[in-house]
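Read through the structure below, which is laid out as structure tokens, and then see the notes.
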Amino acid sequence: MTNRYELPFKTIANTTAPSFNAVFDNTSEIFPFQSTGLREWDGPGSRSVRLAALSTAGADCYFAIGSSDIVANSTESLLLLAGTVEVFSLPRPSNTHICFVSSTDVTVNVTPGYGN
0 MTNRYELPFK TIANTTAPSF NAVFDNTSEI FPFQSTGLRE WDGPGSRSVR
50 LAALSTAGAD CYFAIGSSDI VANSTESLLL LAGTVEVFSL PRPSNTHICF
100 VSSTDVTVNV TPGYGN
């Protein structure tokens, strides 16, 4: 049987709003993956998240994934380059939120799912 994280990326089934746009700037901004009635996040492990940086060149951002008290910064967070799409695996059920920060106004489309 194939593990879910080995499958191509898929959004979570039975979701009416499978993605959302995170809009932020130089203040660390946190967003929950689950939104009651729109996006379900609870369930088995092997979750992933697809991030699509919609902003123009030079609008890179940093992000961190964790619980509701996570903070993103330029020294300890992952870098997402402007204009790129990346999929990140989230092996822990406690990873319920994502936090972003940038030196300029940025929009990132966030799609919770599974696979890679």
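Going by numbering that gives the first Met the number 0, the sequence shown opens with residue 0, and the numbers climb by one from there.
All C-beta atoms, glycine included, are put in the ideal place defined by N, C-alpha and C.
Considering only C-alpha positions, which residue in the set Ser67, Ser88, Arg38, Ala52 is nearest to alanine 21?
-> Ala52
Keeping to the same chain, check which residues put their C-beta closer than 8 Å to that of threonine 10; ignore five residues upstream and five downstream.
-> Pro17, Ser18, Thr110, Pro111, Gly112
Please state if the CB of threonine 106 and the CB of serine 66 are separated by a distance shorter than 8 Å.
-> no
For glutamate 75, name the three-state secondary structure that DSSP assigns.
-> coil
So, alanine 58 versus serine 27, is the Cβ gap smaller than 8 Å?
-> no
Contact check, proline 7 vs glycine 82 under 8 Å by CB: the rounded distance?
-> Rounded, the Cβ-Cβ distance is 22 Å, inconsistent with contact.
Return the bridge partner residues of asparagine 20 from the DSSP annotation.
-> Asn108
Nonlocal neighbours in the same chain, by C-beta distance under 6 Å from leucine 77, ignoring five residues either side | Phe62
Quick one: using the 10 Å Cβ neighbour count with 16 as the cut-off for buried, is valine 48 buried or exposed?
-> buried
What is the rounded straight-line gap between the Cα of phenylalanine 30 and the Cα of glutamate 5?
-> 26 Å
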